[in-house]
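Working notes, beginning with the structure itself.
Protein chains in written order, with the working numbering: chain A, 209 to 666; chain B, 20 to 313.
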């Protein structure tokens, strides 16, 4: 791998620096644990939202199916929240065990974001407890209202923690004088130019991931029902609520994605060149996607001028180039899945609109079969998008200011940490899925004996 | 402002030791106790949803890397092995804790829960001892001593707290057993801690306070004053931490973040506390309330 060779040269002059193997292992460990946490955090944001949608319907209609779905979703949210909490704790450790150089120099610049994230997260945890334990201890209306802070605090904690990543892309709010950080302005760091676009993009993505993952569970259930000749309203509603959430976000995400690409094109030319596979700076850039190439299209799309000049990778010094193939491939995966999900969402909207004329339209088997894969696809798209922005920022950990190899823990043996983490997380994933499957098979309202059967009517 | 930041970090560490430490200790007793009744008390006494007490650890880490970035970077990078193990221990504990509630038939979960409850405080304690004494490695005798001492302190705290918890649940047998565990572990920890403090050259008055509180606790245990022993037992444990902190002598002034940063963090924490404290109280009140009958 050329990247490794390149890094060896860069690293070698430092005495006692991490070996290339340890350096790659640390990056992989960070990517892997973050990638794991992102999926859980997405569900942690989205699941309370769809639970509240179901509970709101149950309050409005008194329909027991909605109440039952809300109860189950929130219990699953409780388990996933616990796993998300610990996988998030691991990330705080890794900030120091893997990237002490980064924390040493810049910890104070973005630390306030983490403090705010911690507070929001704790509020989320407390109200999650109130919500879970309040089912039979609060009036139905009050109970519904206790769920609202869970959703808001979840969104806020995601946004706060994201400001750190957007800061890594667009570092602001400090000055470097002789290599020392001074004049720190925590708010300017938090509200750096990349924050709005990245926050909206991530929150929409997490709602899509959660919506499509939950819906795919019920899509499988509906396909089973059809085979057995049953017709289960429970599975249909269980599909419709989360899938609709994902479907509403999908077209919005296309618009925000466009905003994100334009932002990167203006502010991080190396990342942009890698994403779009632009090798040479020239006027009238063609648009390349997989094996296709449309002349002048990239310039036209980005600058609304078919002959606009756009920078290519050759304008970036060799030492400052990200590994372009990884970035381009993951970007293309994200775009492809995004378009597919948009198509599914469009079909769902159309079928729902026509459902009174042809009631079977939203439940066509081919659609359910594709929809059953939408959850995994959305999660893959999210990981691909994350890879695009993170690998696209390389070789910088703080864009233009600090290189990733300056940040790494110089102590030897980091790669063994990666191996252990991989094993532990594999077991954790398997156990989480097994527990959730088990929860699905317990009879409805499998609850402590002190609970009444269902939500009493208001 | 630097002093305020240090005070907050020390307060966070103390809370983590007193509450999180008791959770670890409860996990240890869960592992060694063979009686179902004891395990029931332990499961009942611990957090409802998620191991909320880790929030103190996260608070300490975020405060440290924001207020004293070089200290965080040095400690975390030098001791990355035991700290990574502690992080994985927290993962194993936190997840097996909820898993064993959702899936009670799986035998592995309680076992892993117990083992990680011992591993995590051991690793954290050994790092704390090494940092406090300016030592080098968690594998040194100091690290070993700190790890064992911390784990034992956690076990002692948990036993002290569980006496009252068992009684509140109406299990007097279990309550008496936890009293026995508390007496034994309290005496053992005291005998282990004092020579250690002498060997490491700790001269802090905190050690004498700790010894005094520990002795009073033993008397209170014998006299079955289960609520007051929660206070003196906690004091006996937390003074060990304060003594170690006094000893560490890290150069914190030179490592402190800029005033603008500290000010922003303090404001954030203040506003956060305004929301957190009432909601915490409400959650606690809600717990005590019986479910409505249909």
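All residues carry an ideal CB built from backbone N, CA and C; glycine is no exception.
With distance defined between alpha-carbon atoms, name the residue in the options nearest to residue i.
i                      : options                    : result
residue 594 of chain A : A/483, A/572, A/273, A/306 : A/483
residue 497 of chain A : A/531, A/528, A/542        : A/542
residue 237 of chain A : A/305, A/550, A/225, A/257 : A/305
residue 313 of chain A : B/90, B/79, B/132, B/262   : B/90
residue 331 of chain B : B/84, B/194, B/86, B/36    : Outside the shown range of chain B, which is 20 to 313, sits residue 331 of chain B, and nothing can be said about it.
residue 120 of chain B : A/294, A/284, A/322, A/310 : A/284
residue 609 of chain A : A/443, A/384, A/233, A/648 : A/384
residue 398 of chain A : A/375, A/572, A/386, A/410 : A/375
residue 166 of chain B : B/181, B/123, B/211        : B/211
residue 146 of chain B : B/42, B/233, B/267, B/87   : B/267
residue 151 of chain B : B/219, B/241, B/105        : B/219
residue 634 of chain A : A/295, A/486, A/278        : A/295
residue 611 of chain A : A/528, A/396, A/536        : A/528
residue 303 of chain A : B/109, B/117, B/77, B/139  : B/77
Would you tell me roughly how many angstroms separate the C-alpha atoms of residue i and residue j, rounded to the nearest one?
i                      : j                      : result
residue 99 of chain B  : residue 504 of chain A : 51 Å
residue 208 of chain B : residue 215 of chain B : 10 Å
residue 408 of chain A : residue 464 of chain A : 7 Å
residue 45 of chain B  : residue 252 of chain B : 15 Å
residue 339 of chain A : residue 355 of chain A : 6 Å
residue 275 of chain A : residue 204 of chain B : 48 Å
residue 363 of chain A : residue 271 of chain A : 29 Å
residue 646 of chain A : residue 452 of chain A : 26 Å
residue 217 of chain A : residue 39 of chain B  : Note on residue 217 of chain A: pLDDT 37, under 50, position unreliable in the model; the coordinate value appears next. If you take the alpha carbons of residue 217 of chain A and residue 39 of chain B, they lie about 45 Å apart.
residue 461 of chain A : residue 353 of chain A : 28 Å
residue 321 of chain A : residue 406 of chain A : 15 Å
residue 257 of chain B : residue 243 of chain B : 22 Å
residue 403 of chain A : residue 553 of chain A : 27 Å
residue 563 of chain A : residue 262 of chain A : 20 Å
residue 342 of chain A : residue 332 of chain A : 15 Å
residue 84 of chain B  : residue 316 of chain A : 7 Å
residue 676 of chain A : residue 642 of chain A : Here chain A comprises residues numbered 209 to 666, so residue 676 of chain A is not present and cannot be evaluated.
residue 221 of chain B : residue 171 of chain B : 19 Å
residue 27 of chain B  : residue 229 of chain A : 39 Å
Residue i: beta carbon under 8 Å from a heavy atom of the ligand NAP?
i                      : result
residue 366 of chain A : With respect to small molecules bound, the structure shown includes none, and the ligand NAP cannot be examined in it.
Pull up the CB-CB distance for residue i and residue j, whole angstroms please, since I reckon it's below 8 Å.
i                      : j                      : result
residue 264 of chain A : residue 605 of chain A : Actually they do not touch by this definition, with Cβ atoms about 43 Å apart.
residue 489 of chain A : residue 520 of chain A : 4 Å
residue 275 of chain B : residue 21 of chain B  : 5 Å
residue 287 of chain B : residue 327 of chain A : 7 Å
residue 476 of chain A : residue 377 of chain A : 7 Å
residue 681 of chain A : residue 569 of chain A : There is no way to answer for residue 681 of chain A, as the model of chain A reaches only from 209 to 666.
residue 319 of chain A : residue 280 of chain B : 6 Å
residue 583 of chain A : residue 421 of chain A : 3 Å
residue 169 of chain B : residue 144 of chain B : 2 Å
residue 32 of chain B  : residue 173 of chain B : Rounded, the Cβ-Cβ distance is 14 Å, inconsistent with contact.
residue 264 of chain B : residue 29 of chain B  : 6 Å
Report the neighbours of residue i on chain A: residues whose CB is nearer than 8 Å to its CB, in chain order.
i                      : result
residue 22 of chain B  : Within 8 Å Cβ-Cβ: nothing; residue 22 of chain B doesn't reach chain A, min ~17 Å.
residue 43 of chain B  : Correct list: empty, because the minimum Cβ distance to chain A is about 14 Å.
residue 144 of chain B : Correct list: empty, because the minimum Cβ distance to chain A is about 16 Å.
residue 183 of chain B : Ordered by position in chain A, no residue passes the 8 Å Cβ test against residue 183 of chain B, which lies about 22 Å from the chain.
Report the neighbours of residue i on chain B: residues whose CB is nearer than 8 Å to its CB, in chain order.
i                      : result
residue 301 of chain A : 80, 95, 102, 103, 105, 106
residue 295 of chain A : 110
residue 258 of chain A : Per Cβ cutoff of 8 Å: no residues; residue 258 of chain A is ~19 Å from chain B at best.
residue 311 of chain A : 84, 88, 91, 92, 95
residue 605 of chain A : Within chain B, no residue comes near residue 605 of chain A; the closest Cβ sits about 13 Å away, beyond 8 Å.
Which chain B residues are close to residue i, counting only those with a beta carbon under 7 Å from its beta carbon?
i                      : result
residue 425 of chain A : Residues of chain B passing the Cβ test: none, with the nearest at roughly 16 Å.
residue 164 of chain A : The structure shown has nothing for residue 164 of chain A, since chain A only spans 209 to 666.
residue 226 of chain A : The contacting residues do not exist; residue 226 of chain A stays about 10 Å from chain B at best.
Kindly list, in the order they appear in chain B, the residues whose Cβ is closer than 9 Å to that of residue i.
i                      : result
residue 619 of chain A : 96, 97, 99, 100
How would you list, in chain order, the residues of chain A whose beta-carbon sits under 9 Å from the beta-carbon of residue i?
i                      : result
residue 291 of chain B : 323, 324, 326, 327, 328, 330, 331
residue 188 of chain B : The premise fails here: residue 188 of chain B is roughly 14 Å from chain A at the closest Cβ pair, so nothing lies under 9 Å.
residue 73 of chain B  : 293, 294, 297
By the criterion of Cβ-Cβ separation under 7 Å, what are the contact partners of residue i in chain A?
i                      : result
residue 122 of chain B : 643, 646
residue 306 of chain B : 341
residue 301 of chain B : 338
Quick one: which residues of the region 76-95 of chain B get their C-beta closer than 8 Å to a C-beta of chain A? List them in chain order.
76, 77, 78, 80, 81, 82, 84, 85, 86, 88, 89, 91, 92, 93, 94, 95
Check distances from the C-beta atoms of the region 371-384 of chain A to those of chain B and list, in chain order, the residues that come in under 8 Å.
none
Tell me which residues of the region 245-275 of chain B have at least one Cβ-Cβ distance to chain A shorter than 8 Å, keeping chain order.
none
Residues of the region 339-370 of chain A in Cβ contact with chain B at a cutoff of 7 Å, in chain order, please.
340, 341, 342, 344, 345
Could you please tell me which residues of the region 321-341 of chain A, in chain order, have their CB closer than 7 Å to any CB of chain B?
Taking a C-beta cut-off of 7 Å against chain B, the contacting residues of the region 321-341 of chain A are 322, 323, 324, 326, 327, 330, 331, 333, 334, 335, 336, 337, 338, 340, 341, listed in chain order.
With 8 Å as the C-beta to C-beta threshold (strictly closer), list the residues of the region 46-61 of chain B near chain A in chain order.
none
If you measure beta-carbon to beta-carbon, which residues of the region 217-236 of chain B are closer than 8 Å to chain A?
none
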